[in-house]
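Novice: Chains as they are written, first to last, in full-length UniProt numbering: chain A, 1 to 78; chain B, 1 to 369.
Please see the structure below; I have some questions.
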Amino acid sequence: MTGPVVTLDCRGQACPRPIIELGRHLGDVEVGEVIAVAADDVAAHHDVPAWARMRGQEFVGEVEAEDGVPVYRIRRLS
Amino acid sequence: MTDSFIYLDAASAEPLHPAARDVLLAAADQGYADPRRLHRPARNAGLLLENAREVVAEALGVRRDEVLFTSSGTSAVHTGLLGLGSRGIAHSAVEHQAVLDAARWSQRSPVTELAVDAEARVEVDAVRTAVAAGDVDVVAVQQANHEVGTLQPLDEVASAVGPATLFVDAGASMGRLPLPAAGDAIAGSARKWGGPGGVGVLVVRRSARWRWPFPGEEWSRTDQGFTNIPGALAAAAALQAVVAEREEVNARQHELISLVRERVRAEIPDVDVAGPAEDRLPHLVTFSALYVDGEALVTALDRLGAGVASGSACTSDTREPSRVLAAMGALTHGNVRLSLTRDTTREDVERVLDALPGIVKDLRAEAGL
Numbered sequence: 001m002t003g004p005v006v007t008l009d010c011r012g013q014a015c016p017r018p019i020i021e022l023g024r025h026l027g028d029v030e031v032g033e034v035i036a037v038a039a040d041d042v043a044a045h046h047d048v049p050a051w052a053r054m055r056g057q058e059f060v061g062e063v064e065a066e067d068g069v070p071v072y073r074i075r076r077l078s
Numbered sequence: 001m002t003d004s005f006i007y008l009d010a011a012s013a014e015p016l017h018p019a020a021r022d023v024l025l026a027a028a029d030q031g032y033a034d035p036r037r038l039h040r041p042a043r044n045a046g047l048l049l050e051n052a053r054e055v056v057a058e059a060l061g062v063r064r065d066e067v068l069f070t071s072s073g074t075s076a077v078h079t080g081l082l083g084l085g086s087r088g089i090a091h092s093a094v095e096h097q098a099v100l101d102a103a104r105w106s107q108r109s110p111v112t113e114l115a116v117d118a119e120a121r122v123e124v125d126a127v128r129t130a131v132a133a134g135d136v137d138v139v140a141v142q143q144a145n146h147e148v149g150t151l152q153p154l155d156e157v158a159s160a161v162g163p164a165t166l167f168v169d170a171g172a173s174m175g176r177l178p179l180p181a182a183g184d185a186i187a188g189s190a191r192k193w194g195g196p197g198g199v200g201v202l203v204v205r206r207s208a209r210w211r212w213p214f215p216g217e218e219w220s221r222t223d224q225g226f227t228n229i230p231g232a233l234a235a236a237a238a239l240q241a242v243v244a245e246r247e248e249v250n251a252r253q254h255e256l257i258s259l260v261r262e263r264v265r266a267e268i269p270d271v272d273v274a275g276p277a278e279d280r281l282p283h284l285v286t287f288s289a290l291y292v293d294g295e296a297l298v299t300a301l302d303r304l305g306a307g308v309a310s311g312s313a314c315t316s317d318t319r320e321p322s323r324v325l326a327a328m329g330a331l332t333h334g335n336v337r338l339s340l341t342r343d344t345t346r347e348d349v350e351r352v353l354d355a356l357p358g359i360v361k362d363l364r365a366e367a368g369l
């Protein structure tokens with residue numbers, strides 16, 4: 001799997017801030033590329049996949065950063 | 001009406017039904033004594049309590065001796081669930097917090113969560129699997145979901161539980177919908193149907209293997225020393241009235257909620273309307289607006305003069321998002337639940353609908369989108 005081109009650091013940010021950042025920065029990657037967001041807010045676990053479904057993007061999955069914070073990956077489809 | 005506030009939070013608490021108000025005041029004067037004593041005021045109080053029980057039984061279509069009063073809907077859930085079974089508990093992923101709390105408190109094992117689909121409907125195969133594994137002897141599935149309105153397939157669930165017992169939380173639906181045919185114990189909450197707060201109803205079927213789960217065995221059939229007799233009578237009067245009116249009220253509310261679902265989808269971009277469009281409670285709807293802070297949305301609506309609930313993390317005591325929305329894969333932030341009272345008008349709903357797109361747009365603009 002190709003790694004993310006851009007990783008947003010949203011540690012310490014409460015919902016819906018990480019999703020807002022994702023919405024604002026999706027255009028920073030090309031169609032087909034992966035953008036990631038590191039977020040420790042518990043709502044992000046549910047809302048990143050929901051955002052991808054609503055916006056027609058592909059939720060690739062969740063990995064853990066070195067500090068244990070979840071990093072969610074999304075492939076830009078449009 | 002001088003108070004023009006549009007209260008759209010009936011699913012938390014319906015305003016006192018007019019049929020209940022006079023009963024509450026009259027019963028407060030007459031029903032003060034302890035019905036277990038042997039003097040005349042005690043007998044009067046006892047008669048009032050039995051009257052309340054009879055009215056509730058008739059409204060629900062059950063026997064008088066199947067009705068217990070409790071001090072809240074939460075208490076009815078705890079008492080009903082914990083009185084069934086002795087081994088493991090399986091519950092749907094979208095049950096009310098009271099069910100999860102009772103399951104955890106019981107220290108029974110295993111406690112199995114039953115998956116739901118994208119419309120919050122419990123997967124009947126999951127029920128079958130949980131019971132077949134052997135250690136589950138009570139299954140808890142609500143009649144209708146309190147946040148998104150989904151009606152659960154209780155008849156199918158009842159056949160899937162096999163030899164296990166079934167607890168049904170009817171907190172969101174009692175009075176509004178006919179009592180489910182399935183269920184060994186069924187719990188309801190008076191303030192959700194326009195009765196006063198502090199009154200729960202627990203129906204325990206005659207055939208159920210249920211016993212009082214708390215200290216004081218000898219009280220088990222006298223409502224745990226329940227003393228809110230005026231409340232029980234008022235709850236009974238409200239229930240009777242709600243059952244009599246429900247055909248008309250439900251049809252009107254169902255149509256208004258359909259209007260909300262359609263207009264929200266059509267007029268607000270990037271919005272997730274949760275739950276089924278048809279097989280649902282008539283009076284409530286939940287939706288989430290992308291990039292919007294739920295608390296800010298509730299506050300903006302309050303400023304407009306409309307009161308709604310929210311399942312977003314930032315509006316909850318625990319800072320956790322709604323388990324219901326999470327389990328069904330719905331967006332959890334920017335969430336509001338609108339639930340109609342029996343006299344919510346089309347004008348009330350339209351006033352909120354007219355304002356919503358602008359409110360959401362402004363909040364998104366503030367967030368930089």
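Built from N, CA and C at the ideal position, the CB exists for glycine as well.
Buried or exposed for Phe214(B), please, with buried defined as at least 16 other CB atoms from any protein chain shown within 10 angstroms of its CB.
Specialist: Phe214(B) should be labelled exposed.
Novice: Verify whether the separation of the beta carbon atoms of Ala164(B) and Val204(B) is less than 7 Å.
Specialist: Contact flag unset, no.
Novice: Nearest-angstrom Cα distance between Gly311(B) and Asp22(B)?
Specialist: About 35 Å.
Novice: Below 8 Å on the Cβ atoms is my contact criterion, and I expect Asp47(A) with Pro70(A) to pass it. Report the Cβ-Cβ distance as a whole number of Å.
Specialist: Actually they are not in contact, since the Cβ atoms of Asp47(A) and Pro70(A) sit about 12 Å apart, beyond 8 Å.
Novice: Indicate whether Gly175(B) and Leu233(B) have their beta-carbon atoms separated by less than 7 Å.
Specialist: The answer is no: Cβ separation not under 7 Å.
Novice: Measuring only between beta-carbons, confirm whether Ala43(A) sits less than 7 Å from chain B.
Specialist: Taking Cβ atoms only, chain B reaches closer than 7 Å to Ala43(A), which makes this a yes.
Novice: Need the endpoints of the beta strand (DSSP E) that Arg337(B) sits in, please.
Specialist: Note, Arg337(B): beta strand (DSSP E), 335-339.
Novice: When you compare the CB of Ala38(A) with every CB in chain B, is at least one pair closer than 7 Å?
Specialist: Answer no: the Cβ-Cβ gap between Ala38(A) and chain B never drops below 7 Å.
Novice: State the start and end residues of the unbroken alpha helix (DSSP H) segment that holds Ser258(B).
Specialist: It spans 229-267 - the alpha helix (DSSP H) in which Ser258(B) sits, taken as one unbroken run.
Novice: Could you give the distance in angstroms between the alpha-carbon of Gly68(A) and the alpha-carbon of Val360(B)?
Specialist: When rounded, the distance between both Cα atoms is 34 Å.
Novice: Interface residues of chain B around Asp47(A) at Cβ under 7 Å?
Specialist: Leu331, Thr332, His333, listed in chain order.
Novice: Do you know offhand how far Ala13(B)'s Cα is from Gly32(A)'s?
Specialist: Spanning the two alpha carbons is a distance of roughly 49 Å.
Novice: Does the beta-carbon distance from Pro67(B) to Ala59(B) come in below 7 Å?
Specialist: Note on residue identity: the sequence assigns Val, not Pro, to residue 67(B). Cβ distance not < 7 Å, so Val67(B) and Ala59(B) don't count as in contact.
Novice: I need the straight-line Cα distance from Val77(B) to Val5(A), nearest angstrom please.
Specialist: Roughly 50 Å separates the two Cα atoms.
Novice: Tell me whether Gly61(A) is buried or exposed, calling it buried when 16 or more other Cβ atoms sit within 10 Å of its Cβ.
Specialist: By the 10 Å Cβ count, Gly61(A) comes out exposed.
Novice: Based on Cα-Cα distance, which residue from Pro196(B), Val157(B), Arg191(B) lies nearest to Asp184(B)?
Specialist: If we check each option's Cα against that of Asp184(B), Val157(B) comes out closest.
Novice: Could you tell me whether the Cβ of Asp135(B) comes closer than 7 Å to any Cβ of chain A?
Specialist: It does not: the Cβ of Asp135(B) has no partner Cβ on chain A nearer than 7 Å.
Novice: Considering only residues of the same chain and omitting the five flanking positions on each side of Ser75(B), which have a CB-CB separation below 7 Å?
Specialist: If we look at Ser75(B) and ignore the five residues flanking it on each side, its Cβ neighbours are Gly200.
Novice: Which one or two residues does DSSP pair with Ala200(B) in a beta bridge?
Specialist: Checking the sequence shown, residue 200(B) turns out to be Gly, not Ala. DSSP lists Thr70(B), Ser189(B) as partners of Gly200(B).
Novice: Relative to the alpha-carbon of Arg252(B), which residue among Ala190(B), Leu340(B), Trp212(B) has its alpha-carbon at the smallest distance?
Specialist: Considering only alpha carbons, the answer is Leu340(B).
Novice: Shortest alpha-carbon distance to Ala45(B) belongs to which of Asp279(B), Ala27(B), Val55(B)?
Specialist: Closest option to Ala45(B), Cα to Cα, is Ala27(B).
Novice: Contact criterion: CB-CB distance below 7 Å. Does Leu369(B) meet it with respect to chain A?
Specialist: So yes, Leu369(B) belongs to the interface.
Novice: With Asp137(B) and Arg87(B) assumed to form a contact (beta carbons below 8 Å), what rounded beta-carbon distance in angstroms separates them?
Specialist: Rounded, the Cβ-Cβ distance is 5 Å, consistent with contact.
Novice: Alpha carbon to alpha carbon, how far is Arg261(B) from Pro18(A)? Give it in angstroms, no decimals.
Specialist: The alpha-carbon atoms of Pro18(A) and Arg261(B) are separated by roughly 27 Å.
Novice: Would you say Glu147(B) and Val324(B) are within 7 Å of each other, going by their C-beta atoms?
Specialist: Yes.
Novice: With 7 Å set as the bound, which would you pick, yes or no: does the beta-carbon of Ile268(B) sit closer than that to a beta-carbon of chain A?
Specialist: It does not: the Cβ of Ile268(B) has no partner Cβ on chain A nearer than 7 Å.
Novice: Can you check whether the C-beta of Ala52(A) is within less than 7 Å of a C-beta belonging to chain B?
Specialist: Not an interface residue.
Novice: Using a Cβ-Cβ cut-off of 6 Å (strictly less than) and excluding sequence neighbours within five positions of Pro35(B), which residues of its own chain qualify?
Specialist: Result list for Pro35(B): Ala42, Ala45, Gly46, Leu49, in chain order.
Novice: Quick check on Pro70(A) - is its C-beta less than 7 Å from some C-beta in chain B?
Specialist: It does not; no Cβ of chain B falls within 7 Å.
Novice: Relative to the alpha-carbon of Tyr32(B), which residue among Pro230(B), Pro153(B), Tyr7(B) has its alpha-carbon at the smallest distance?
Specialist: The shortest C-alpha separation from Tyr32(B) is found at Pro230(B).
Novice: Could you give the DSSP three-state label for Thr2(B): helix, strand or coil?
Specialist: Because the pLDDT of Thr2(B) is 41, which lies under 50, any placement of that residue in the model is unreliable, and the number read from its coordinates should be weighed accordingly. In this structure, Thr2(B) counts as coil in the three-state DSSP scheme.
Novice: Between Pro18(A) and chain B, is any beta-carbon pair separated by less than 7 Å?
Specialist: For Pro18(A), the answer is no, since every Cβ of chain B falls outside 7 Å of its Cβ.
Novice: Mind checking which residues open and close the beta strand (DSSP E) that includes Thr129(B)?
Specialist: That residue, Thr129(B), is in no beta strand (DSSP E); its alpha helix (DSSP H) goes 124-132.
Novice: In or out: Gln143(B) buried (at least 16 other Cβ within 10 Å) or exposed?
Specialist: Answer is buried; the Cβ neighbour count reaches 16.
Novice: Run through DSSP, which three-state label would Gly27(A) get?
Specialist: Three-state DSSP puts Gly27(A) in a helix.
Novice: Looking at chain A, which residues of the stretch 298-309 of chain B have a Cβ within less than 9 Å of any of its Cβ atoms?
Specialist: Hits within the stretch: zero.
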